[in-house]
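**Student:** Position in the sequence shown (from 1) plus 3 gives the number in the numbering used here.
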Amino acid sequence: MESVESRIRVLPESVASHIAAGEIVERPASVVKELLDNSVDAGSTMISIDVVNGGKTLIRVIDDGEGMSPADAPLACQRFATSKIRHQRDLSGIATYGFRGEALPSIAAVSRFRMLTARQRALAGTAVVIEGGTVQSVEERGAAPGTRIEVEELFFNTPGRRKFLKTTATEFSHITHVIQQTALANLHTQLRLTHNDHVVFDYPKVAALEDRLLQVYGPRIMAMMLSIQDERTEVHVRGMIVNPNHAKTGRTPQEIFVNRRSVKNTTIAHAVYESYGSFLPKGRHPTFALMVEVDPHEVDVNVHPSKREVKFRSPDLIHRAIKAAVRGPLQKNVVGPASILSPGLEERAPDAVETEKPGQMRMDEPFVKRSAFSGASDMQTGSGRGQGSEAGQVKETPILYPLEPEVQILGQIHATYIVARIGDALHVLDQHTIHERVLFEGLWRGWENRYIQTQPLLIPEPVDVPVAAATPLAEILPELAKVGLDLECFGPASFVIRSVPALVGQMDYGALLEDILEDLSEWNSVDSLDKRIRSVLASVACKGAVQAGRRMEEPEMKRVVLDWFREGSPMTCPHGRRISLRFGSEELHRIFRRL
Ligand code: ADP
Ligand code: MG
Numbered sequence: 004m005e006s007v008e009s010r011i012r013v014l015p016e017s018v019a020s021h022i023a024a025g026e027i028v029e030r031p032a033s034v035v036k037e038l039l040d041n042s043v044d045a046g047s048t049m050i051s052i053d054v055v056n057g058g059k060t061l062i063r064v065i066d067d068g069e070g071m072s073p074a075d076a077p078l079a080c081q082r083f084a085t086s087k088i089r090h091q092r093d094l095s096g097i098a099t100y101g102f103r104g105e106a107l108p109s110i111a112a113v114s115r116f117r118m119l120t121a122r123q124r125a126l127a128g129t130a131v132v133i134e135g136g137t138v139q140s141v142e143e144r145g146a147a148p149g150t151r152i153e154v155e156e157l158f159f160n161t162p163g164r165r166k167f168l169k170t171t172a173t174e175f176s177h178i179t180h181v182i183q184q185t186a187l188a189n190l191h192t193q194l195r196l197t198h199n200d201h202v203v204f205d206y207p208k209v210a211a212l213e214d215r216l217l218q219v220y221g222p223r224i225m226a227m228m229l230s231i232q233d234e235r236t237e238v239h240v241r242g243m244i245v246n247p248n249h250a251k252t253g254r255t256p257q258e259i260f261v262n263r264r265s266v267k268n269t270t271i272a273h274a275v276y277e278s279y280g281s282f283l284p285k286g287r288h289p290t291f292a293l294m295v296e297v298d299p300h301e302v303d304v305n306v307h308p309s310k311r312e313v314k315f316r317s318p319d320l321i322h323r324a325i326k327a328a329v330r331g332p333l334q335k336n337v338v339g340p341a342s343i344l345s346p347g348l349e350e351r352a353p354d355a356v357e358t359e360k361p362g363q364m365r366m367d368e369p370f371v372k373r374s375a376f377s378g379a380s381d382m383q384t385g386s387g388r389g390q391g392s393e394a395g396q397v398k399e400t401p402i403l404y405p406l407e408p409e410v411q412i413l414g415q416i417h418a419t420y421i422v423a424r425i426g427d428a429l430h431v432l433d434q435h436t437i438h439e440r441v442l443f444e445g446l447w448r449g450w451e452n453r454y455i456q457t458q459p460l461l462i463p464e465p466v467d468v469p470v471a472a473a474t475p476l477a478e479i480l481p482e483l484a485k486v487g488l489d490l491e492c493f494g495p496a497s498f499v500i501r502s503v504p505a506l507v508g509q510m511d512y513g514a515l516l517e518d519i520l521e522d523l524s525e526w527n528s529v530d531s532l533d534k535r536i537r538s539v540l541a542s543v544a545c546k547g548a549v550q551a552g553r554r555m556e557e558p559e560m561k562r563v564v565l566d567w568f569r570e571g572s573p574m575t576c577p578h579g580r581r582i583s584l585r586f587g588s589e590e591l592h593r594i595f596r597r598l
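1. Got a sec, what are the start and stop residues for the alpha helix (DSSP H) T185 sits in?
2. Three-state secondary structure (DSSP) at E296?
3. Going by Cα to Cα distance, which pick from N248, A130, R124 and S72 is closest to F282?
4. Use the C-beta contact count for P558: other C-beta atoms within 10 angstroms, 16 or more gives buried, fewer gives exposed.
5. What's the call for F315, buried or exposed, on a 16-neighbour Cβ count within 10 Å?
6. For V410, which residues from the same chain have a beta carbon less than 8 Å from its beta carbon, with the 5 sequence-adjacent residues on both sides left out?
7. Is R254 helix, strand or coil when you go by DSSP?
8. Rounded to whole angstroms, what is the Cα-Cα separation between H191 and S47?
9. Got a sec? Which residues, its chain only, sit under 8 Å from H180 by beta carbon, not counting five neighbours each side?
10. Within 10 Å of its beta-carbon, does N189 have 16 or more other beta-carbons around it, so buried, or fewer, so exposed?
11. Using 7 Å as the threshold, is the C-beta distance between L584 and L506 below it?
12. Taking 6 Å as the cut-off, does the CB of A629 come closer than this to any heavy atom belonging to the ligand MG?
13. Could I get the ranges of all uninterrupted alpha helix (DSSP H) runs contained in the stretch 425-474, with 4 residues as the minimum, in chain order?
14. Please state whether the Cβ-Cβ distance between S588 and D427 is less than 7 Å.
15. With a CB to CB cut of under 6 Å and the five nearest residues on each side skipped, what residues in its chain are close to A121?
16. When DSSP labels each residue in this structure, what does D511 get in the three-state scheme?
17. Does the ligand MG have even one heavy atom less than 6 Å from the beta-carbon of I262?
18. As an exercise, report each continuous alpha helix (DSSP H) stretch of at least 4 residues that is fully enclosed by the stretch 540-565, in chain order.
19. Do M243 and L217 come within 7 Å of each other at the CB atom, strictly closer than that value?
20. Leaving out the 5 sequence neighbours to the left and right, which residues in its chain are closer than 6 Å to S265 when beta-carbon positions are compared?
21. A210 by DSSP, collapsed to three states: which one?
22. Look up G57 in the DSSP assignment and say whether it is helix, strand or coil.
23. Rounded to whole angstroms, what's the CA-CA distance from R351 to A292? Just pull it up for me.
24. Out of V297, P162 and T270, point me to the one whose CA is closest to R241's CA.
25. Quick one: what's M49 bridged to in DSSP?
26. Please list the terminal residues of the continuous beta strand (DSSP E) segment that includes L38.
27. Is N41 near the ligand MG, judged by its Cβ being under 6 Å from some heavy atom?
28. In the DSSP assignment, find the beta strand (DSSP E) that holds D489 and state where it starts and stops.
29. Give the secondary structure of M227 by DSSP, where H, G and I count as helix, E and B as strand, and everything else as coil.
30. With 16 as the cutoff for other CB atoms within 10 Å, does T269 come out buried or exposed?
31. Just verifying my parser: in three-state terms, what is the DSSP assignment at K314?
32. Tell me the start and end of each unbroken beta strand (DSSP E) in the stretch 131-169 that is at least 3 residues and wholly inside, in chain order.
33. Looking only at its own chain, which residues have a Cβ that is under 7 Å from the Cβ of L483, when we skip the five neighbours before and after it?
34. Pick out whichever of V431, E525, C545 and V503 has its Cα sitting closest to the Cα of H438.
35. V132 and R117 - do their beta-carbons sit closer together than 7 Å?
36. In the DSSP assignment, find the unbroken beta strand (DSSP E) run with V245 in it and report its ends.
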């Protein structure tokens with residue numbers, strides 16, 4: 004006889020909430036995000052967030068919002084308890100951040116959770132204590148209006164998940180990121196963050212988006228941005244996009260907000276990338292923060308458990324609107340597509356001008372040595388940064404100094420190019436890339452010999468970095484010190500530079516740190532110390548080198564050309580950009596049809 008016993012069971016509540024918790028609470032930053040969403044939904048004007056050990060030990064969020072009544076407080080901690088929707092029809096056109104009623108119970112299921120909340124003008128508040136999903140107590144207690152939630156020892160009861168938490172620095176930088184997103188989307192709320200009792204930032208409320216962007220990104224980044232404001236169609240777009248001339252290899256920030264909700268959205272991202280098109284040199288990415296406002300009925304926010312994605316009813320409409328909004332400021336600000344090398348030259352006369360293949364040794368010049376990194380590998384790997392060939396391969400190559408070539412400096416043009424005769428060839432050399440390569444080779448040799456001479460700065464140079472970057476930077480100070488960059492942390496996001504490698508002189512130290520930080524995101528995937536150091540030294544060389552636009556004196560130009568020749572006349576800078584355009588006697592004769 005067949006068993007009548009059913010094999011399908013409704014999961015016990017505790018199991019179900021653990022599964023939900025797994026979807027919503029991925030890491031400390033997700034807790035912060037859910038709590039902030041609730042505080043904003045409650046109409047708070049001031050929210051303070053205290054975090055201990057990247058949120059792994061404690062997350063505390065205190066707001067001055069509407070609070071909860073004694074009856075609602077325990078209810079709020081139950082699954083699917085929400086004050087924000089009552090009916091299925093409410094699901095379309097949602098205006099609040101929350102609506103699923105899953106956040107608080109999910110958080111309480113995997114932590115030691117304490118909540119103290121009181122309605123405005125209430126006589127008393129309510130304290131709720133939950134440990135690993137089990138309610139310990141619900142009591143009446145005196146409390147200020149608003150809500151205060153403490154989440155201690157996240158994942159204490161799910162050791163498997165706790166193990167997956169990353170370093171304090173990483174978890175903390177995710178937290179700063181979600182708070183900054185909340186700040187960008189909510190101008191009228193003050194947000195204050197402390198980490199291990201240090202104030203990390205305190206953003207007062209602002210009147211305009213521009214003011215918020217400035218608080219969050221600081222003047223240095225804002226100076227590289229173009230502002231966007233387009234309200235010509237029913238799709239409103241505001242925010243900032245990077246001026247293509249300042250685009251970097253990194254991809255932060257790339258923030259998208261739809262109706263004040265931070266989301267990932269390929270329609271919008273794609274429209275932005277497409278707008279930049281040829282405005283960007285290869286390997287560079289647009290950075291931006293875009294606030295898009297559309298009719299809420301055009302957007303479905305209920306497609307992801309933590310609402311990180313949205314779906315548009317008519318993606319084409321959105322795509323067009325974004326392109327229209329982004330194109331305008333781009334076209335206004337840029338004359339012609341950015342390109343390192345004018346492509347026309349080679350196309351028009353393929354054999355008239357011999358443009359040397361990067362990294363290829365020329366046989367008619369004395370062989371010197373392969374540079375520490377052959378330009379070829381730089382070129383082939385794209386940006387070349389941090390991806391060059393292993394230093395080890397060429398370590399033993401002896402340095403053979405050639406006979407000093409005859410170098411005659413013919414002049415400088417556009418305060419950017421050196422025109423010189425080297426032997427019997429005519430060279431046009433980029434003063435920045437040539438100097439950059441020379442500095443890099445010198446620094447690299449120093450590193451290989453484990454001896455980089457340092458030079459203390461007479462006046463230590465203070466530099467501020469974005470708060471989210473401060474902890475990761477602090478963690479690599481020992482590695483920076485190995486190459487003569489001595490930095491000291493003196494404040495939540497402030498450093499002083501005490502010494503620099505002696506080979507390089509004065510430079511824009513803020514820009515240097517920014518460059519190093521940009522590469523830092525890739526360090527996790529780079530195992531070899533040599534490669535990390537290489538990217539740091541490439542940044543030092545780049546920032547320490549003569550910049551384009553500076554007049555140079557003849558002896559100075561001669562020095563750098565000779566140095567470059569000694570380094571084996573490598574054809575590209577460490578980032579893969581061209582150094583020289585060479586016309587040998589053969590090419591000249593050919594061009595003038597003398598052959
Ligand atoms: P949701 O936000 O999806 O409604 P939550 O689990 O995040 O679900 O919160 C459940 C309910 O608890 C909310 O609907 C709201 O009524 C109440 N609540 C949560 N946090 C706060 C807060 N900081 N201030 C006031 N009410 C809150
Ligand atoms: Mg919520």
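In this text, a Cβ means the ideal position worked out from N, Cα and C, and glycines have one as well.
**Tutor:** Walking through what the data contain:
1. T171 to A188
2. strand
3. N248
4. exposed
5. buried
6. A423, R424, I425, K561, V564, L565 and F568
7. coil
8. 9 Å
9. A32 and A471
10. buried
11. no
12. Any property of residue 629 remains undetermined from this structure, which presents the chain solely from 4 to 598.
13. 434-451
14. yes
15. G70, G128, A146 and P148
16. coil
17. Inspection of the sequence shows that residue 262 is occupied by Asn rather than by Ile. No, the Cβ of N262 stays beyond 6 Å of every heavy atom of the ligand MG.
18. none
19. no
20. Q184
21. coil
22. helix
23. Its pLDDT being 31, under 50, R351 is placed unreliably by the model, and the measurement read from it follows with that caveat. Distance between the alpha carbons of R351 and A292 is about 40 Å.
24. V297
25. Q193
26. From DSSP, L38 is part of no beta strand (DSSP E) but of the alpha helix (DSSP H) over P31 to D44.
27. yes
28. D489 to C492
29. coil
30. exposed
31. strand
32. 137-144 and 149-155
33. L490 and V539
34. C545
35. yes
36. H239 to V245
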